[in-house]
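With the first letter of the sequence shown counted as 1, position 139 gets the number 139 in full-length UniProt numbering; the numbers rise by one all the way through.
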Amino acid sequence: MPPHYENIVTLWCQFHDSEMVHPFIITRMRAKSTFLFIPFLKIIAHTIKGISILICIFPFAKDQTKKRHIRHWSIHLLTIFNLKHRVINAELLPKSGGYLIAANHISWIDIASIQSFLPCRFVAKSEVADWPVFGWMAEQIGTVFIRRESKRHGKEIANQLETLLPNEPICIFPEGTSTAGDRVLAFRPNLFESAAQTQVQTFPMTIRYVDQDNQYSDATAFIGEMTLIDSIIKMLRTKSITVELIFGPSPATDLDRKALAQYCEEQVRSQIK
């Protein structure tokens with residue numbers, strides 16, 4: 001057989017082999033695409049449902065009705081991500097009235113993880129307000145946005161929280177940013193000023209995400225240059241995640257803001273394994 005015919009035969013064989021593999025590759029690609037496509041559709045539909053509730057129901061609803069909708073919406077969101085929920089030491093929290101919760105921060109999904117158990121008001125950095133759709137939704141459920149670089153604005157927020165705290169639970173993330181969940185950054189005292197002034201109870205809360213073997217997982221971590229879409233895809237590709245909310249006891253109510261921050265930081269750090 002002439003050399004050029006051998007080359008043709010070789011190429012044909014390679015092509016033939018690739019044709020045998022090609023359907024399998026396409027099937028795998030389609031399966032992966034479908035695996036992500038369906039949950040993405042659910043997230044979009046669930047977001048539209050949330051917007052509808054905020055527009056059509058919230059303007060006329062009582063506080064308890066709003067909290068019920070927030071809780072159910074958050075539970076459903078966790079279900080879409082196959083994210084299970086575990087609350088430890090919940091009995092430490094008062095049955096009514098206001099108090100402060102100070103937690104470590106790992107991900108945007110922290111909010112829904114907390115709201116699925118305890119619908120409450122959050123303090124968030126001002127950048128969140130600029131997020132498309134979700135920033136508006138956060139504003140509608142009463143999130144307090146703070147410009148951390150502005151001391152004057154910080155004082156205004158502290159005054160606002162002093163008015164709110166005696167009547168409702170408020171959650172803060174005093175690290176000022178998110179981490180991978182394997183460590184705890186220093187808690188900034190300024191967000192504890194309102195609790196120190198009003199002398200309401202302050203409860204440290206540790207947020208942990210663990211895998212099916214109850215080991216630390218960074219699947220939900222929203223850090224660095226990661227986009228929201230990147231985070232969503234990473235979470236959807238994780239088979240099973242459990243979020244743990246671990247409450248610690250409240251210290252004396254007459255502590256100043258620095259002492260409160262230090263106490264809560266130590267309590268949260270002690271739960272990070």
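Yeah, the Cβ is synthetic: ideal placement off N, Cα and C, and Gly gets one too.
- For Tyr-263, the enclosing alpha helix (DSSP H) covers residues 257-271.
- Contact between Leu-54 and Met-137 holds: CB atoms are separated by about 6 Å, below the 8 Å threshold.
- In the structure shown, His-85 adopts extended strand secondary structure according to DSSP, grouped into three states.
- Cβ-Cβ separation between Asp-182 and Ile-272: approximately 7 Å, consistent with a contact (criterion under 8 Å).
- By the neighbour-count criterion, in which 16 or more other beta carbons inside 10 Å mark a residue as buried, Cys-171 falls on the buried side.
- A residue is called buried once 16 or more other Cβ atoms fall within 10 Å of its Cβ, and Glu-156, having fewer, is exposed.
- Assigned with DSSP and collapsed to three states, Ala-186 falls in coil, not helix or strand.
- Scanning its chain for C-beta atoms nearer than 6 Å, with the 5 sequence neighbours on each side dropped, one finds around Phe-81 the residues Met-235, in chain order.
- Excluding residues up to 5 positions away in sequence, Gln-115, Pro-119, Ile-141 lie with their Cβ nearer than 8 Å to the Cβ of Ile-70 in the same chain.
- Distance from the CA atom of Leu-185 to the CA atom of Asp-218, rounded to whole angstroms, is 16 Å.
- In the DSSP assignment, Arg-208 falls within the unbroken beta strand (DSSP E) covering 202-210.
- Within the same chain, and ignoring the five residues on either side of Asp-256 in sequence, the residues whose Cβ sits closer than 6 Å to its Cβ are Ala-196.
- Note that the C-beta distance between Ala-261 and Pro-174 is below 8 Å.
- Contact annotation, Ala-129 with Ala-180: C-beta distance approximately 25 Å; criterion of less than 8 Å not satisfied.
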